[in-house]
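Residue 330 is where the sequence shown ends in numbering that gives the first Met the number 0, and the numbering goes up by one at each step.
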Amino acid sequence: MTQSRFFMLSTMVTGVIAAAALAEPPAPEAGSFDLTLGKNLQVLRLEHAHAPAVAHALKELSAEGGILAGFHASAVNDTTLIVRAREEMMGAVRSVVEELDKPATSLSSDSTTAFLPLGNVSTATLGPVIDTILSKPREQFALDPLNHRLVVRASPASVARVAAFLKEADASPSPLQLEFHFLRGSLSGNARGDAPNLPKSLQSVASALREGGWNAIEDLAPIIITSGGEGGFSSSSAINRKTTDGTGEVLEFAVKGTARPLPETEFAQMEIRGQVFGEFGPDEEKPEGRTQFDVNTTLTLKLGEYVVLAAAPSTTSAGDAIALAVRVTTK
Numbered sequence: 000m001t002q003s004r005f006f007m008l009s010t011m012v013t014g015v016i017a018a019a020a021l022a023e024p025p026a027p028e029a030g031s032f033d034l035t036l037g038k039n040l041q042v043l044r045l046e047h048a049h050a051p052a053v054a055h056a057l058k059e060l061s062a063e064g065g066i067l068a069g070f071h072a073s074a075v076n077d078t079t080l081i082v083r084a085r086e087e088m089m090g091a092v093r094s095v096v097e098e099l100d101k102p103a104t105s106l107s108s109d110s111t112t113a114f115l116p117l118g119n120v121s122t123a124t125l126g127p128v129i130d131t132i133l134s135k136p137r138e139q140f141a142l143d144p145l146n147h148r149l150v151v152r153a154s155p156a157s158v159a160r161v162a163a164f165l166k167e168a169d170a171s172p173s174p175l176q177l178e179f180h181f182l183r184g185s186l187s188g189n190a191r192g193d194a195p196n197l198p199k200s201l202q203s204v205a206s207a208l209r210e211g212g213w214n215a216i217e218d219l220a221p222i223i224i225t226s227g228g229e230g231g232f233s234s235s236s237a238i239n240r241k242t243t244d245g246t247g248e249v250l251e252f253a254v255k256g257t258a259r260p261l262p263e264t265e266f267a268q269m270e271i272r273g274q275v276f277g278e279f280g281p282d283e284e285k286p287e288g289r290t291q292f293d294v295n296t297t298l299t300l301k302l303g304e305y306v307v308l309a310a311a312p313s314t315t316s317a318g319d320a321i322a323l324a325v326r327v328t329t330k
């Protein structure tokens, strides 16, 4: 909904509410609103508007300074709303629904409304792409999150182009190679240089961490995996080794999530959870229940470049810190 239209509806609602405070709400009329289930619960049938979109618009008005406080509206299907409201508010809600249910006169006679399933298409970057396909403001679209689909009001040719794009975007993503590195460093301030096993490819990451006060940076667990057919991935590894003081340490590393390339770009979208579990002591001790590091994030990153997903002090080892870096490339 545009800002101007939202403002007009807000102004209209304010006036309706003032009038409703002085009089009983109007009785249900025949036609679009043909079924009354009581003073505080009504079924409203729409002729032109899409019911889930109307329910969403009513929710926005409710959140806008409480303009329509004290009601709840939900879509039963594409043409039917159920509204529960205080007796003095029902008339105001009905007036807003009637305004939203007016036919779109700005559309050409050959325009059509299509309901297109989204499948596995991510909605995060969908809007800008659809904007380039439609001829705005004459042609419009809206997300229907309740049914996970796109509602398009446009010419048949534009609808066909949007449907073709969604079909292509819904295809199984190309596999990606994911290169994870769990890095550990010291925050004690005693610069000892980086550990021998730190790859040269990670020097840029190490430089950024050193600016944050890290030193003695080592690559604990490189994990290289390929995303699956739907972009999912999951992997883990462990180390069990002697430390410099003669004791042992047992560390387990785990990554899981999804990674999908963004169509026709040099970027990928990733949802990732990375964890480090560990114990310090005799070799036979197991890292059960000891979380040293935990990151859960979603981001868009450029293919081929290292990104530090998170860096934080270890929760079990004083003076140490752990970071998780990733690089994503195409297979």
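Backbone N, C-alpha and C fix where the C-beta goes; we use that ideal spot for every residue, glycine too.
Check: If we call anything under 8 Å between Cβ atoms a contact, is arginine 272 one with glycine 230?; Outcome: no
Check: For leucine 186, which of Ala215, Lys199, Leu197 has the nearest alpha-carbon?; Outcome: Ala215
Check: Within 10 Å of its beta-carbon, does phenylalanine 114 have 16 or more other beta-carbons around it, so buried, or fewer, so exposed?; Outcome: exposed
Check: Using the Cα positions of valine 306 and serine 134, report the straight-line distance between them to the nearest angstrom.; Outcome: 38 Å
Check: Looking at the strands, I want to know which residues DSSP matches up with glycine 256.; Outcome: Phe232, Ile271
Check: Alpha carbons only, please: which of Met88, Thr314, Asn295, Ile224 is nearest the one belonging to glutamine 176?; Outcome: Ile224
Check: Starting from threonine 112, trace the beta strand (DSSP E) both ways and give me its first and last residue.; Outcome: 111 to 116
Check: Taking only the alpha-carbon atoms, compute the straight-line gap between leucine 21 and valine 151 and give it to the nearest angstrom.; Outcome: For leucine 21, the predicted structure reports a pLDDT of 37, less than 50, and the residue's modelled location is therefore unreliable. A value from the coordinates is still provided. Whole-angstrom Cα-Cα distance: 41 Å.
Check: Judging by CA-CA distance, which residue of Leu323, Asp169, Gly227, Leu80 is the nearest neighbour of threonine 257?; Outcome: Gly227
Check: I'd like to confirm the pairing. Which residues does DSSP put opposite threonine 296 in its beta bridges?; Outcome: Ile271
Check: Would you report the Cα separation of lysine 101 and threonine 78, rounded to the nearest angstrom?; Outcome: 13 Å
Check: For histidine 180, list the residues DSSP reports as bridge partners.; Outcome: Pro221, Ala324
Check: For lysine 301, which three-state DSSP category applies?; Outcome: strand
Check: Could you tell me the distance, in whole angstroms, from the CA atom of leucine 308 to the CA atom of glycine 211?; Outcome: 15 Å
Check: With distances taken from CA atoms, which of Ala317, Pro116, Val327 is nearest leucine 298?; Outcome: Val327
Check: Is it buried or exposed, isoleucine 222, if we count other Cβ atoms within 10 angstroms and call 16 or more buried?; Outcome: buried
Check: Buried or exposed: alanine 163, going by 16 or more other Cβ atoms within 10 Å of its Cβ?; Outcome: exposed
Check: Out of Leu165, Pro136, Glu167, Asp143, which one is the CA nearest neighbour of serine 154?; Outcome: Pro136
Check: Buried or exposed for alanine 159, going by 16 or more other Cβ atoms inside 10 Å?; Outcome: exposed
Check: Would leucine 182 and leucine 208 be called neighbours here (beta carbons separated by less than 8 Å)?; Outcome: yes
Check: So, helix, strand or coil for leucine 250, using DSSP?; Outcome: strand
Check: Compare the Cα-Cα distances from leucine 117 to each of His147, Ala141, Val96 and report the closest residue.; Outcome: His147
Check: How should isoleucine 129 be labelled, buried or exposed, when 16 other C-beta atoms within 10 angstroms of its C-beta is the threshold for buried?; Outcome: buried
Check: Below 8 Å on the Cβ atoms is my guess for lysine 301 versus glutamate 265; work out the distance and round it to an integer in Å.; Outcome: 6 Å
Check: Would a C-beta distance cut-off of 8 Å place alanine 317 and phenylalanine 292 closer than the cut-off?; Outcome: no
Check: For arginine 44 and chain C, any beta-carbon pair shorter than 8 Å?; Outcome: In the structure shown, chain C does not exist; there is a single protein chain.
Check: Nearest by alpha-carbon distance to histidine 47: which of Phe70, Leu80, Ala72 is it?; Outcome: Leu80
Check: Give me the residue from Ala50, Asp218, Gln202 with the minimum Cα distance to glutamate 97.; Outcome: Ala50
Check: State the start and end residues of the unbroken beta strand (DSSP E) segment that holds serine 73.; Outcome: 70 to 74
Check: With leucine 201 as the anchor, note down where its beta strand (DSSP E) starts and where it stops.; Outcome: Element bounds for leucine 201: n/a, residue is neither H nor E.
Check: Measure the C-alpha to C-alpha separation of glutamine 268 and lysine 58 and round it to an integer number of angstroms.; Outcome: 30 Å
Check: Here's a check: name, in chain order, each residue in its chain whose Cβ is nearer than 7 Å to the Cβ of proline 174, leaving out the five neighbours to either side.; Outcome: Thr225, Ser226, Lys330
Check: Exposed or buried, serine 233, counting other C-beta atoms within 10 Å across all chains shown (16 or more means buried)?; Outcome: exposed
Check: Rounded to whole angstroms, what is the Cα-Cα separation between lysine 166 and leucine 142?; Outcome: 16 Å
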